[in-house]
Each structure stands twice: as structure tokens, then as C-alpha cells.
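Below is one structure; the comments refer to it alone.
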Amino acid sequence: MPILQYREAIRQALAEELARDPNVVVMGEEVGQFNGAYKVTEGLLDKFGPKRIVDTPISEAGFVGLGIGASMLGIRPVIELMFWSFYSVAFDQILNNAANVRYMSGGQINCPIVIRGPANGGTNVGATHSHTPENILASHPGVKVVVPATPYDAKGLLKSSIRDNDPVMFLENTILYGDKGEVPDDDYLIPLGKADTKREGTDLTIVTYGRAAILSLAAAGVLQQEHGFSAEVVDLRSIRPLDMDAVLASVRKTHRVLIVEEQKPFCGVGAQLAYMIQAEAFDELDAPIARLSTIDAPAIYSPPVEAEQLPNQQGILKAALGVLA
Amino acid sequence: MTKKTSATTDNPAETGTATQGHAGAAVNARLSAADKVELYRKMMRIRRFEERSLRAYQAKKIGGFLHLYIGQEAVAVGCCSLMGKDDHVITAYRDHGHAIAVGMELNPLMAELYGKATGCSKGKGGSMHFFDPSRNFWGGHGIVGGQVPLGTGLAYALKYRGLKGACMTFMGDGAVNQGAVHEAYNLAALWELPVIFVVENNGYSMGTSQARSSAGELGQRAASYGMAWGVCDGHDLYGVRAFMAEYLDLAREKSRPSVVEIRTYRYRGHSVADPDNTYRSKAEVEEYRKTKDPIQVFQRALLEERVLDEASVARIDAEARVEADLAADFAEASPFPDLADIQKDVYWEADNPAERRSAGRLFFT
Ligand SMILES: Cc1ncc(C[n+]2csc(CCOP(=O)(O)OP(=O)(O)O)c2C)c(N)n1
Ligand SMILES: [Mg+2]
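As given, the protein sequences belong to chains A and B, one line each in that order. Quick note on numbering that gives the first Met the number 0: the first sequence kicks off at 0 and runs consecutively. Quick note on numbering that gives the first Met the number 0: the second sequence kicks off at 0 and runs consecutively.
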């Protein structure tokens with residue numbers, strides 16, 4: 000099977016969907032002539048031309064709103080945010096318009112738009128460029144939120160997102176862009192809302208998503224080798240819809256839970272998960288649900304300290320041992 | 000009465016200055032007597048609908064905000080009467096006039112105000128959020144200026160799909176100061192999108208006059224984006240039609256955007272909750288009512304043309320009142336949405352379970 004980088008997998012998904020559906024348009028800052036700020040869209044302009052690959056001015060509210068309006072009339076825009084952090088200047092368009100217009104019109108309108116780009120810390124770019132808004136997005140009924148961890152997942156989930164008739168927020172990760180993995184070059188789809196158990200285990204369930212899933216897998220390996228504990232790693236892949244069945248099945252198997260998220264703790268995804276696990280599987284739990292989040296402050300610049308602010312392999316290992324103690 | 004300021008060579012030519020002159024403009028000259036009566040009737044229906052909804056509000060049948068369109072009828076009716084099958088409309092929260100102007104029936108509109116399941120948005124949108132995409136009417140938007148990028152996107156879709164239409168994107172004189180509006184202006188001009196930004200200048204954004212909120216000429220801001228622009232008297236239906244026809248042509252035929260300022264006036268407070276005693280004088284309102292009322296102005300023109308007579312004027316008025324009353328009866332008799340309806344119309348996939356491709360929970364507790 001071909002080995003692709005995460006960014007190449009996304010590019011392949013874009014190229015396949017652009018070729019499949021003439022209504023798909025890729026739009027954003029530097030996506031065309033510049034080949035993408037992170038080279039995700041490299042070569043697409045040459046292949047598909049300027050009608051399909053559209054360079055925009057630095058106008059997130061303008062082009063995100065334009066994309067939403069176009070989607071109401073049958074276009075399927077895939078809008079790139081150079082960083083998800085910049086969603087704040089388009090917040091009204093995404094979370095008042097895309098999220099609400101179906102509802103406020105009594106179901107007469109739908110917005111088949113995808114907004115994608117990287118949302119992560121860990122690259123020493125400071126607080127303005129390190130937001131991870133999956134919780135904020137997911138707390139708006141009407142939008143879907145996807146956070147892929149691997150090249151394989153990124154391609155299959157993005158293709159599903161582009162075909163989805165609801166607005167999908169697709170959160171990538173600059174640190175993962177260069178990661179490699181097996182990616183079939185055929186037309187496979189991964190449905191949104193299906194978690195992937197990336198490692199089977201019996202002693203502990205780690206519920207996680209995005210880059211934290213990759214780190215959790217590494218920590219689970221050490222946990223097995225050095226401490227003899229078997230951790231199951233459930234990668235949610237999609238935050239909304241959410242595969243709660245997969246989470247609960249794993250909890251019933253291991254009876255211990257650690258939630259790992261690259262998120263500030265307050266009202267984060269983990270808070271919702273912890274609530275639902277205790278509400279639906281209280282009797283299954285042999286220990287309080289543990290949670291490892293980003294240390295609760297704006298993203299610090301200082302490189303070695305930022306590495307400690309975020310969940311990392313060491314921190315996950317420590318938290319896991321805490322739940323198993 | 001129409002004042003035009005040329006910004007680019009694309010600006011449509013001068014269209015004349017008096018109502019009589021506008022009556023002779025091509026778009027108006029081709030109207031039959033019956034067409035004219037229908038335009039008059041539409042304005043009358045808006046007026047009576049708004050008055051009836053105000054009474055319903057006072058009777059506590061309607062919640063939230065109610066922004067009346069009374070005084071501005073010639074703008075929506077004039078603009079929307081020019082729509083072809085690929086022309087689209089989007090506006091802000093003062094949307095009842097546009098909804099009626101595009102042809103929506105009064106029953107679902109009144110029922111929406113009453114929060115009933117038979118409302119045009121099933122009671123989920125309310126006064127500020129009327130929609131009817133089947134009539135190319137895309138709302139009804141509550142955030143000042145927020146609909147302007149959407150309208151630009153509708154125009155983008157028209158151009159992308161090779162359709163010869165335009166999107167009339169309405170906003171108030173207060174909305175022109177929103178950043179999203181300027182972003183939309185730039186994108187529309189840069190990409191030559193068939194959008195007409197229609198600034199309905201009623202002189203006030205809530206209690207703040209234009210002079211206290213906006214620097215410079217509102218329309219002229221288009222010039223710095225290289226867009227055509229113009230100013231028009233919005234009290235004269237013939238004038239609005241003559242004026243807008245040229246900007247619609249520019250959009251449809253040349254895919255050129257424009258900003259048009261249509262000067263109008265609202266007789267009621269910003270919303271019905273506005274006591275209307277802090278920012279303008281009663282005399283000012285009275286002066287507009289007496290000399291510029293769009294329904295009176297058009298009525299006079301049609302009486303002179305002998306398209307209307309006293310009897311038909313009275314009959315149209317009576318019919319509009321009855322229709323508004325019947326709409327209120329319909330709304331009153333209609334059921335409220337069920338609690339189960341709260342979570343419908345959120346996700347397309349949840350509403351179309353047979354075609355759902357995703358798994359997992361979409362809703363949470
Ligand atoms: C972003 C935002 N800010 C403030 C408001 C509150 N608000 C609603 S209407 C309005 C005045 C807008 O005036 P204008 O654009 O002239 O429209 P008009 O009411 O005259 O039709 C204000 C301040 C809002 N709805 N949205
Ligand atoms: Mg105003």
C-alpha cells in the first residue's frame with residue numbers, strides 16, 4: 000500500500016473529490032499559486048485551474064461567509080483556514096450562519112461546506128496561533144467536528160466530510176503534516192462518528208483524538224513494556240457526531256478511564272466525555288475518571304516549556320499510572 | 000429625484016428626476032395596468048400586515064423583537080418586482096417587507112411571528128428569520144451585516160454555475176460600518192460577482208442617526224473598491240425600479256457588483272420596543288408621512304394615470320386588512336411546535352435518517 004504523509008493524504012482526498020464533483024471548490028489564503036502555507040494543496044492549482052482552486056485575500060469573515068452563502072446554493076466549498084486560530088475573526092459566519100441557518104429556516108436550507116486547517120499547539124507560535132477550538136465548535140449544534148490523527152484517517156474522513164450535507168469543521172495538525180502512514184489510493188470513505196480503537200487493551204481505556212492519540216499510543220507502548228499494563232487507545236476521530244458506543248464498550252472492558260486531549264480543561268471535550276461516561280457506565284468504573292489536558296493558560300511561547308504545557312508522552316504515562324494505582 | 004454619482008465607467012447612466020419621468024422608464028413603461036395594481040397591492044399588503052402584527056404584539060401574541068417595515072415598502076417591492084428566475088434576495092432582520100415582496104403568503108409569516116409550527120420557519124426563526132429559498136429568499140438575518148458575505152456567496156454560486164442572475168443583498172445604513180461588509184465589498188469587486196449591495200438608508204441605526212454613525216457618503220465607499228454606485232429616492236416605486244433595473248443589468252450582463260443607497264424612512268420605532276422619543280422629532284416623522292409616504296406617492300401616480308380610482312383604492316385597502324386579519328386568525332388557530340421539534344432541522348443528516356452516512360451521537364445531554 001502506498002505510504003503517504005498526512006498532508007499528502009489530505010491533498011489526495013481533495014484531488015479525488017475535486018475530480019469527482021464539479022461543485023467542489025477549494026478556497027483560502029495561499030492555497031493556489033503559493034501551493035499552500037503548509038503545502039497541503041500543492042499542485043492542485045496546476046491540476047484543476049483557478050476556478051476550482053481559489054486564492055483569497057486575508058479576509059476570513061468574508062470568504063468563510065461567502066463559502067457558506069455559496070453552499071446554500073449548491074456549491075461545496077472546502078475552505079482552508081491557514082490556522083484554525085483565525086476562526087475567531089469568522090466566528091459569526093461559522094457559528095451564527097453555518098450552524099444556525101438550517102434551523103432558523105425550519106430545515107429549508109443546508110450548508111454543505113467544509114472548513115479545514117491546522118489546530119494545534121506545540122510549534123512555539125504563541126497564544127494567537129495555537130488555539131484548539133474543537134470544544135467551542137462542537138458546542139454549537141448544527142456543525143460537525145472532525146479531528147483526524149493519521150494519514151489514513153485524514154483522507155477517508157475528509158472525503159466523507161466533503162460529501163456531507165452539513166457544515167463540517169475539519170481540524171488538522173501542523174505537527175502531523177509530515178507523519179507517514181499507509182493510505183490506499185482508492186476511493187475509500189470513513190464515516191464521521193466512528194471511533195477507531197487504535198490499540199486493544201484490558202487494564203485501562205485512553206479516550207483521545209488528534210495528535211494526543213498518537214502520543215497516547217506511544218505512552219501505551221511504554222506502559223506495556225515497562226509497567227506491564229495493557230491500555231486500550233480509543234481514537235474518537237470525530238467529536239460531533241461522537242461514537243459514545245465505542246467509548247462505553249471499552250469502559251465496560253477495562254473499567255478505568257483516562258481522557259487525553261490537547262485542549263484547555265474548562266468546558267473541554269473531556270468534560271463532556273467524563274460526564275457521559277459516569278452517567279452511562281457509573282457501575283463499571285473501578286476508579287475516578289482521569290483527565291489530562293493542556294495546562295490551563297494561554298499557549299506559552301518558550302519552546303521547552305510549551306512542550307510541558309501540552310499533553311506529552313511522559314505526562315500521559317504518569318496520568319495512566321495514576322489511574323491504575 | 001434620483002441622484003447619481005459616477006464612480007466608474009460602468010456606472011449606469013442617469014435615469015431621470017421626476018416620478019413622471021420614472022414612469023416612462025423602460026421597466027415601468029412595459030408594466031400593464033394590472034401589473035401596476037399588483038405592485039400597489041403588494042405595498043398595501045405589507046403595510047397592513049405590519050400594522051396587524053403590531054396589534055398582535057401589543058396583545059402579547061408575539062415574543063421577542065418586531066422590526067416594522069412601515070414607510071420603506073417601495074424599496075423591497077420595487078427591487079423584488081424586478082426579479083427573474085435566477086435573481087436572489089437576502090436581507091437583515093427587518094425582513095417582513097422583502098418576504099411579502101418576493102411572494103410569500105401572509106399566513107406562514109404571521110404564524111412565524113406567533114411561534115407556530117405552521118410558520119415559514121416552523122416557529123424556529125421568528126420575526127428576524129423569515130426564509131423561503133423556493134422563492135430565492137435567503138432570510139432574514141439577525142446579526143447586523145452578517146448576511147452580507149452570505150449574499151456575496153450566493154452571487155459567487157450564480158457565477159460559478161454560469162447562471163445569469165444577481166443577488167440583491169440588503170442591509171441598513173448602520174450595517175455599512177461592519178467589517179464583514181467591507182470584506183464582502185472587496186471580494187465582490189475583486190472577483191466581479193453579480194451582487195448588488197442595497198443599503199436601505201432609513202436615516203437611523205436604532206437611535207443613532209447616519210450623521211452620528213458614518214463618516215462620508217455611504218455609497219461612495221464602493222468607489223475605493225472600484226465598484227459602481229448610486230443613490231436613489233426610495234419613496235418612489237417607479238424610481239426604485241428604474242434605478243435598480245440598471246444595476247441588475249450590470250450584475251446580470253457584465254457580472255459587475257455595485258453598492259446602491261436607497262433613501263427611505265421608517266415611521267415606527269427601531270423595533271416596537273423603541274419608545275421613539277430620544278433621537279428624532281415627531282415633526283420629522285410627520286413630515287415624511289405627509290409628503291413622502293411611498294404608498295401615497297404611488298397611489299397618486301396611479302390615480303393620475305387612471306389605473307386606480309377611489310373605489311379600487313378603498314377595495315385594495317379593505318382586502319389587505321382582511322387578509323392580514325385572516326393571517327392572524329390562521330396563526331392563532333395553528334399549533335405550537337412540539338418539544339420533539341426542538342431537535343429537528345438542526346442537521347440535514349438527522350432529518351434524513353435513511354440517507355445518513357455518519358454514525359454516532361449528534362445530540363447530547
Ligand atoms: C452585530 C450586531 N450588533 C448590534 C446589533 C443590535 N442591533 C440590531 S439592529 C441595530 C441597528 C441597525 O440599523 P440599520 O443597519 O440602519 O438597520 P435598520 O434597523 O435601520 O433597518 C442594532 C444596533 C445586532 N443585531 N447585531
Ligand atoms: Mg437604518
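Note that beta-carbon positions come from the ideal geometry of N, C-alpha and C, so glycine has one too.
Within the chosen limit of 7 Å, ligand 1 reaches the beta carbon of Glu-199 (chain B) through at least one heavy atom. Within the same chain, and ignoring the five residues on either side of Asn-311 (chain A) in sequence, the residues whose Cβ sits closer than 8 Å to its Cβ are Leu-214. The closest CA to that of Leu-338 (chain B), considering only B:Val-194, B:Arg-360, B:Arg-299 and B:Ala-116, is found on B:Ala-116.
A distance criterion of 7 Å places the beta-carbon of Gly-173 (chain B) in contact range of ligand 1, judged by its closest non-hydrogen atom. Of all C-beta pairs linking the region 127 to 139 of chain A to the region 4 to 22 of chain A, fewer than three are shorter than 8 Å, placing the two stretches out of contact. With a threshold of 8 Å between beta carbons, Lys-158 (chain A) makes no contact with chain B. In this chain, the beta strand (DSSP E) harbouring Gly-27 (chain A) covers 23 to 27. Annotation note: the region 69 to 103 of chain A contains the following uninterrupted beta strand (DSSP E) runs of length 3 or greater, listed N- to C-terminal: 75 to 79.
The Cβ atoms of Val-113 (chain A) and Ile-161 (chain A) lie closer than 8 Å to each other.
At a beta-carbon threshold of 7 Å, the residues of chain B lying near Leu-191 (chain A) are Ser-357, ordered along the chain. For the region 30 to 103 of chain B, the full-length beta strand (DSSP E) segments reaching 3 residues or more read 87 to 89 along the chain. Among the residues of the region 100 to 112 of chain A, those with a Cβ less than 9 Å away from any Cβ of chain B are Val-100, Arg-101, Tyr-102, Met-103, Ser-104, Gly-105, Gly-106, Gln-107, Ile-108, Asn-109, Cys-110 and Pro-111, in the order of the chain. Between the alpha carbons of Ser-80 (chain B) and Ala-270 (chain A) lies a distance of about 53 Å. The nearest non-hydrogen atom of ligand 2 is less than 7 Å from the C-beta of Ser-204 (chain B). DSSP, read as helix, strand or coil, puts Thr-131 (chain A) in coil. The Cβ neighbour count for Pro-148 (chain B), taken over all protein chains shown within 10 Å, is at least 16; the residue is labelled buried.
Apart from sequence neighbours up to five positions away, the residues of its chain that approach Thr-90 (chain B) with a beta-carbon distance below 6 Å are His-97 and Phe-169, ordered along the chain.
Within the region 103 to 186 of chain A, the complete alpha helix (DSSP H) segments of 4 residues or longer fall at 133 to 137 and 150 to 162, listed in chain order. The three-state reading of DSSP puts Thr-204 (chain A) in strand, counting E and B together.
Short note on Arg-115 (chain A): C-beta not closer than 7 Å to any heavy atom of ligand 1.
For Pro-352 (chain B), the number of other beta carbons within 10 angstroms of its own is below 16, and it is reported as exposed. Here Leu-65 (chain A) is not near Thr-40 (chain A), since their CB atoms are 8 Å or more apart. In the three-state DSSP reduction, Thr-263 (chain B) falls in the coil class, being neither helix nor strand.
In this structure Arg-267 (chain B) is not in contact with Ile-45 (chain B), their Cβ atoms being roughly 13 Å apart against a cut-off of 8 Å.
Close partners of Gly-66 (chain A) in chain B (Cβ separation under 9 Å): Pro-148, Gly-152 and Tyr-155. Against chain B, the beta carbon of Ser-58 (chain A) has neighbours under 8 Å at Glu-182, Asn-185 and Leu-186, listed in chain order. Within 8 Å of the CB of Ala-69 (chain A), the CB atoms of chain B belong to Gly-152, Leu-153, Tyr-155, Ala-156 and Tyr-159, in sequence order along the chain.
It is roughly 27 Å from the alpha-carbon of Lys-158 (chain A) to the alpha-carbon of Ile-205 (chain A). Within the region 129 to 199 of chain B, the complete beta strand (DSSP E) segments at least 3 residues long are 166 to 171, listed from N- to C-terminus.
Counting the other CB atoms within 10 Å of its CB gives Gly-106 (chain A) a total of 16 or more, which places it among the buried residues. Beta-bridge partners assigned by DSSP to Ile-57 (chain A): none are found. In this structure, His-269 (chain B) has its CB closer than 7 Å to one or more heavy atoms of ligand 1. In the structure shown, the three-state DSSP call for Lys-197 (chain A) is strand.
As summarised for the region 227 to 313 of chain A, the continuous beta strand (DSSP E) elements at least 3 residues long and confined to that stretch are 230 to 234, 237 to 239, 256 to 259 and 289 to 291, given in chain order.
In its chain, beyond the 5 residues on either side, Gly-206 have a beta carbon closer than 8 Å to the beta carbon of Thr-277 (chain B). A residue is called buried when at least 16 other Cβ atoms come within 10 angstroms of its Cβ; Met-43 (chain B) meets this threshold and is buried.
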